[in-house]
Amino acid sequence: MGKFDGYLICSDVDGTLINDGFKIPEANIKAIQYFQSEGGLFTLATGRTPQGAHLYINEVNPNAPIVCQNGAAIYDNSMKKYLWTSPLEDYAYDIIEYAVKKHPDCGVEVLCEGGIYYVRENAYTTKHMIDEKFEVIRKDYRDIKEHWLKILFADGKEGADKIQKDLSMTSFADKYQLVRSHVSYYEVLEKTTNKGKALKKLKEILNINAEKIIAIGDNDNDGEMLLAAPNSYAVESASEYAKKCAKYMLDADNNDGAIARLIEVLEENMK
1405 MGKFDGYLIC SDVDGTLIND GFKIPEANIK AIQYFQSEGG LFTLATGRTP
1455 QGAHLYINEV NPNAPIVCQN GAAIYDNSMK KYLWTSPLED YAYDIIEYAV
1505 KKHPDCGVEV LCEGGIYYVR ENAYTTKHMI DEKFEVIRKD YRDIKEHWLK
1555 ILFADGKEGA DKIQKDLSMT SFADKYQLVR SHVSYYEVLE KTTNKGKALK
1605 KLKEILNINA EKIIAIGDND NDGEMLLAAP NSYAVESASE YAKKCAKYML
1655 DADNNDGAIA RLIEVLEENM K
């Protein structure tokens, strides 16, 4: 038996696993390999799609299904299929039509199991497509008949700030889960969807001891996951909300190899 048998680390990606240059520090890669070699399960909880996270998935080789799209889905990379999804209850035409009318410069993406649909393009959706190497599928939102996992509004910081402020004060805030996942992105998910709900579902899928689940993150969209995990850490550079939700503060940030430090702390606490 390995010293980490039964343990699960669920890590956020941007701002936690990867550094500010969008690379995984070598110390993290080596520490994850060591953790897995001693029986530990390591996975990701990200706002990205499996396609958008594939470069990092290939580097760290998660040995448990990943939480993706801010908790809207759980994806098994080894089987290349979704195990569970939490889609929007209906086709959310109303919020798209409202946002586009009020914010005509915003870009719009609709994300489904079958792909990412570009509904309304701008410089920020183009950057998203290039950065995450998405296949370009252009479609009118009224023609997307799959289950919608989430809607993403994209704009510059000032534009995204305005979208967030506007939508958060409407009845849409009661109908949907609204999440600021990035300086340029504001997302719409099913009302109860978040990384914490998905982490609880992952626990059921893996049938593991909840007391051995460790979550780590840095941003507001990690808050529910940090609250849901019995053992949770916010990195040094985390948002105030993430720090408030986490049980512990880690003395390292994403540029210092936060995951490597987390595994060191876990090992120290086992002595």
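Residue numbers for the sequence shown follow this note's numbering, beginning at 1405 and rising by one. For every residue, glycine included, the Cβ atom is placed at its ideal position computed from N, Cα and C.
*Just to confirm, are residue 1417 and residue 1453 a CB contact at a threshold of 8 Å?*
no
_Give me, in chain order, the residues of the same chain whose beta-carbon lies closer than 6 Å to that of residue 1642; leave out the 5 immediate sequence neighbours on both sides._
1622
*Assign residue 1483 to one of two classes, buried (16 or more other C-beta atoms within 10 Å of its C-beta) or exposed (fewer than that).*
exposed
*Among residues of its own chain, excluding the 5 on either side of residue 1432, which ones have a beta-carbon nearer than 6 Å to its beta-carbon?*
1661, 1663 and 1664
_List, from N- to C-terminal side, the alpha helix (DSSP H) runs of 4 residues or more that fit wholly inside the segment 1573-1630._
1576-1579 and 1599-1610
*Quick one: complete alpha helix (DSSP H) runs, 4+ long, within the segment 1521-1578?*
1527-1536 and 1561-1572
*State the start and end residues of the unbroken beta strand (DSSP E) segment that holds residue 1478.*
1477-1480
*Is there contact between the segment 1630-1640 and the segment 1597-1607, where contact requires at least three CB pairs shorter than 8 Å?*
yes
*Quick one: Cα of residue 1674 to Cα of residue 1557, how far?*
44 Å
*So what's residue 1654 in DSSP terms, helix, strand or just coil?*
coil
*What residues in its chain sit with their C-beta under 7 Å from that of residue 1410, if we drop five residues either side in the sequence?*
1612, 1613 and 1616
_Rounding to the nearest angstrom, what Cα-Cα distance links residue 1425 and residue 1541 in this structure?_
28 Å
*Inspect the CB distances between the segment 1491-1507 and the segment 1467-1474 and report whether three or more fall short of 8 Å.*
no
*Which residue comes first and which comes last in the beta strand (DSSP E) that contains residue 1635?*
1635-1638
*What number of angstroms, rounded off, separates the C-alpha of residue 1464 from the C-alpha of residue 1436?*
7 Å
*Could you give the residue range of the beta strand (DSSP E) that holds residue 1513?*
1511-1516
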